[in-house]
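Okay, so here's the structure we're looking at.
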Amino acid sequence: MTKNRKLFEEIDVRSDNTTASSIETLSIEQSSWLSIWLWTLLVSLISLILVGGWTRLTDSGLSIVEWKPITGMIPPFNSQGWIVEFEKYKSIPEFKLVNFDITMDEFKFIYWWEWGHRQLARFIGVVWFVGFLILWIMRQIPERWTLYFFGIGLLGALQAFLGWWMVSSGLDGQVVDVFSYRLAIHLTMAFIILAMIFWAILFHSENSQKIFESRRHRNKISVNILAGLGVLCYVQLALGALVAGIDAGRSYNDWPLMNGNWIPVDLFEYEPFIINFFENSGLVQFNHRLTAYLLFIVVSIIWWINRRNPYFKIRVAANYLMIIVVVQMFVGIITVLYSAPLSLASLHQFTAILFILAYVNLFFKTYYPVSQKI
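Residue 402 in the working numbering sits at position 186 of the sequence shown, and the numbers go up by one each step.
And the structure:
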């Protein structure tokens, strides 16, 4: 009698070999130093986004009129140094047309906000560079992730340039604040970097072999729907930045109406027509509200579809996203009703961060549907 062939055992061996050759080794992905580095970047970037929001809401962004990547780290240490910085500030339109009666103490207040924002950005740059270099030398970065992490650093450098590009628009005499569209680009780039870092954290918190095997169970339709939701999320982030850039949240402070109308009467009163979408506070806030409603509807549909998903992690991730979008809308409504005070506007921005993290989490769990252990 012929001995039974161990067909399935042989396939498993070949599969394991293929897996080992196509994905990173488990010992590398479980590196605690890699995890610490990524989490440090994530928390620091969240802090930077919040401080950037406070800097905008306190009108502090133009208090430092020069971009000096190295020497700019040193603030004034004496009265003469403060006078020099104050005189530089007096040369820009914001001082001449808006803050012409500002005192030295008031100038110091806005200066420290902008200075702190820039130092935190420098700190993140140093954390990325030092961490990347050490982990790369120690071979703690999986080979296929080297370019990914290097790309995060390049985007960080681009973000620094965009920050100055944004600030410079308020120094050339055309406007008293930065161009709102440049603020939107600057903010959305920060969220793109945030999403990339969090994606890496999620990936390296899972067993690489399980992730590799989970791809065969991926629902492409669900992935495509979530990809579309991601586009909508970033449109809403850009609209939120436009609202902040022109202080549109401090006008039309009723809800669900806008000055007693469902549709404001002055949506397209600016010339040329296109600038209404960036500078008309009525149209900018109206678009932000409409996109919020659409976002809520889409997230609700996704949650309803996933409420009985066989993958426990996807169900939980969908619940998180649904909860946060409800909280985000509630905070947004309250912020409008109270004319966007600093505390509520900051809370609204923080919940936006939580929303993006929840979205990335759901997208990751759907893209890699790893089964829950029983």
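By construction, the Cβ of each residue, glycine as well, lies at the ideal position given by its N, Cα and C atoms.
Quick caveat, the model's predicted, so the values are computed rather than measured.
Identity of the residues DSSP links to residue i by a beta bridge
| i | result |
| --- | --- |
| S474 | As written in the sequence, residue 474 is Met, which differs from the Ser given in the question. In the DSSP output, where bridge partners are listed per residue, M474 has N477. |
Reference residue i; option with closest CA among the options
| i | options | result |
| --- | --- | --- |
| L264 | K324, A376, E303 | A376 |
| L458 | S248, L273, I262 | L273 |
| T362 | G372, L351, L371 | L351 |
| V314 | L261, D393, G332 | D393 |
| S384 | A443, E310, L261, I518 | E310 |
| G288 | M354, H333, L445 | H333 |
| M354 | W471, L506, F494, S248 | S248 |
| H420 | Y509, A574, P358, F316 | P358 |
| L391 | N294, S467, G446, K312 | Before going on, a small fix: residue 391 reads as Val here, not Leu. Checked all of N294, S467, G446, K312; the closest Cα to V391 is K312. |
| R398 | G277, I437, F489, V447 | G277 |
| N294 | T404, K324, L387, Y305 | K324 |
Local conformation of residue i per DSSP, three classes
| i | result |
| --- | --- |
| M354 | coil |
| I214 | Residue 214 cannot be examined here, being either before or after the span of the chain that is shown, 217 to 590. |
| A460 | helix |
| K324 | helix |
| W283 | coil |
| Y584 | coil |
8 Å CB neighbourhood of residue i in its chain, flanking five on each side removed
| i | result |
| --- | --- |
| R531 | N522, R523, R524, N525 |
| E485 | N492, N496 |
| W255 | I417 |
| L483 | N492, N496, G498, L499, F502 |
| V300 | P292 |
Cβ-based neighbour list, residue i, same chain, cut-off 7 Å, excluding 5 preceding and 5 following
| i | result |
| --- | --- |
| G297 | none |
| Y583 | R434, V439 |
| T567 | I540, V543, Q544, V547 |
| L266 | S562, Q565, F566 |
| I401 | L378 |
| V462 | Checking the displayed sequence, the identity of residue 462 turns out to be Ile instead of Val. So the list reads S396, E495, S497, V500, once near-sequence residues are dropped. |
Own chain residues within Cβ distance below 6 Å of residue i, not counting five before or after
| i | result |
| --- | --- |
| G347 | W253 |
| S260 | I340 |
Length of the line joining the Cα atoms of residue i and residue j
| i | j | result |
| --- | --- | --- |
| F580 | I326 | 40 Å |
| G341 | N423 | 29 Å |
| Q425 | M412 | 21 Å |
| A460 | L578 | 28 Å |
| Y509 | M382 | 29 Å |
| W328 | A574 | 32 Å |
| M538 | W519 | 6 Å |
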